[in-house]
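Novice: Just so we're on the same page, the numbering used here is the position in the sequence shown counted from 1, plus 1. For every residue, glycine included, the Cβ atom is placed at its ideal position computed from N, Cα and C.
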Amino acid sequence: MKTKQNENICSNCGTNNPFYKKNCTNCKHYLRATVVNIDLWKTIWLLFENPSKAFTDIIFAEHKNFLVPLLTLLSIKIYLTAFIIQSVLLSLSKTTNYLIYNTLILCGIYIVSIVLFSFFFTKITNKTRFKDNVSLITYSFIPIIFSLIILTPIEYGIFGEYWFTHNPSPLLIKKNLAYILFFLEGIMSLLSLIFLYVAISIQTSSRIFSIIIAVIFMGTILSEIFFIPHLLF
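1) Within the chosen definition, does the stretch 128–139 reach the stretch 48–60 through at least 3 CB pairs nearer than 8 Å?
2) Identify which residue in Phe49, Glu50, Ala55, Lys176 has its Cα closest to the Cα of Val36.
3) Under the three-state reduction of DSSP, which class applies to Ile226: helix, strand or coil?
4) To the nearest angstrom, how far is the alpha carbon of Cys108 from that of Ile188?
5) From the DSSP output, in three-state form, read off Ala62 for me.
6) According to DSSP, Tyr31 sits in a beta bridge with which residue or residues?
7) What separation, rounded to the nearest whole angstrom, lies between the Cα atoms of Leu93 and Asn168?
8) Exposed or buried, which one is Lys65 when buried takes at least 16 other CB atoms within 10 Å?
9) Determine the direct distance from the alpha carbon of Leu223 to that of Ile181, and round the result to whole angstroms.
10) Can you list, in chain order, the residues of its chain whose CB lies under 7 Å from that of Tyr198, leaving out five sequence neighbours each side?
11) Thr44 and Tyr140 - do their beta-carbons sit closer together than 8 Å?
12) State the DSSP-derived secondary structure class of Asn177, mapped to helix, strand or coil.
13) Can you tell which of Ile150, Lys176, Leu149 has its C-alpha closest to the C-alpha of Phe160?
14) Do Ile86 and Ile226 have their C-beta atoms within less than 8 Å of each other?
15) Could you spell out the range, first to last residue, of the alpha helix (DSSP H) harbouring Asn134?
16) Quick check: the Cα distance between Leu178 and Leu152, rounded to an integer number of angstroms?
17) Between Leu172 and Tyr163, what straight-line distance do the alpha-carbon atoms span, to the nearest angstrom?
18) Any idea which residues DSSP pairs Val89 with across the strands?
19) Please say whether Asn38 and Phe20 have beta carbons closer to each other than 8 Å?
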């Protein structure tokens, strides 16, 4: 079998097949091994060791395990980031109005945004599936989800609510620790951007196109972080 990014070329008849296909559409020859489920811990390890292989396994998996929990965790982390930014830009009293309402609304908006972006990406790319694309985008943000699970409790343990409210700024409380945590958060975000690029490039045949799509998606999320909470808080 010869593989060319978003297509598989059948070694038996030479037919070009969508990358996700298990059997040739022409002669029914096997193109690849069957992948039933996504092994979460193996996939996470592969993301850091061999991202291309990890995302390929995600595409091939018949069942996209853990997608809803990961999307939920990702939306919570994005919300917390938006909360911190708005705490800096707005007064604390205004930021905390209708907290539960705003949390649910914003988390829902972030999840819908990811789903819609996956849908549009499926439409503009050739021979890709929606469920593959939404899974690829979600799993590419594993570093940010790790940030929520690992770094956020540490940040709260050290700075308490001041990490989120910035009243006073964590830099005024423990400057060096704050800088270290900001740096680690930045690393996680950068890794997610790189993973997103790799995930998109698996589905396309253009590096430039993959970069553009990744930047547009990150730009969309950043715009929502900065502007949508400003309308709700």
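Specialist: According to the structure data:
1) yes
2) In the sequence shown, counting from the first residue as 1, residue 36 sits at position 35. Comparing Cα-Cα distances from Val36 to each of Phe49, Glu50, Ala55, Lys176, the minimum goes to Ala55.
3) Locating residue 226 in the sequence shown gives position 225, counting from the first residue. Three-state result, Ile226: helix.
4) Position 107 of the sequence shown holds residue 108. Position 187 of the sequence shown holds residue 188. Distance between the alpha carbons of Cys108 and Ile188 is about 23 Å.
5) As a first step, residue 62 must be located in the sequence shown, where it is residue number 61. Strand, per DSSP.
6) Residue numbering aside, residue 31 sits at position 30 when the sequence shown is read from its first letter. For Tyr31, which the question treats as bridged, DSSP gives the partners Asn24.
7) Against the sequence shown, residue 93 aligns to sequence position 92. Against the sequence shown, residue 168 aligns to sequence position 167. The predicted position of Leu93 is uncertain, since its pLDDT is 48 and thus under 50; no value can be drawn from it.
8) Position 64 of the sequence shown holds residue 65. With 16 or more Cβ atoms within 10 Å of its Cβ, Lys65 is classed as buried.
9) Taking the first residue of the sequence shown as 1, we reach residue 181 at position 180. Taking the first residue of the sequence shown as 1, we reach residue 223 at position 222. Taking the straight line joining both Cα atoms gives about 22 Å.
10) What you label residue 198 is simply residue 197 of the sequence shown in a count that begins at 1. The answer, listed in chain order, is Ser211, Ile212, Ala215.
11) One-based indexing of the sequence shown puts residue 140 at position 139. One-based indexing of the sequence shown puts residue 44 at position 43. Yes. Within cutoff.
12) Here residue 177 refers to the residue found at position 176 when the sequence shown is read from its first residue. The answer is helix: DSSP assigns Asn177 an H, G or I state.
13) Sequence index remark: in the sequence shown, residue 160 carries index 159 (1-based). Ranking the options by Cα distance to Phe160, first place goes to Lys176.
14) Translated into positions along the sequence shown, residue 86 becomes position 85. Translated into positions along the sequence shown, residue 226 becomes position 225. Yes, Cβ-Cβ distance for Ile86 and Ile226 is below 8 Å.
15) Stepping through the sequence shown from its first residue, residue 134 is reached at position 133. 131–141 is the span of the alpha helix (DSSP H), which, as asked, contains Asn134.
16) Start at 1 with the first residue of the sequence shown, and residue 178 comes out as number 177. Start at 1 with the first residue of the sequence shown, and residue 152 comes out as number 151. Near 12 Å, if we compare the C-alpha coordinates of Leu152 and Leu178.
17) Position 171 of the sequence shown, counted from the start, is the residue given in the question as residue 172. Position 162 of the sequence shown, counted from the start, is the residue given in the question as residue 163. One C-alpha to the other measures close to 10 Å.
18) As a working note, residue 89 is residue 88 in the sequence shown. According to DSSP, which records beta bridges pairwise, Val89 is partnered with nothing at all.
19) Here residue 20 corresponds to residue number 19 of the sequence shown, with the count starting at 1. Here residue 38 corresponds to residue number 37 of the sequence shown, with the count starting at 1. It is not a contact, given that the beta carbons lie outside the stated cut-off.
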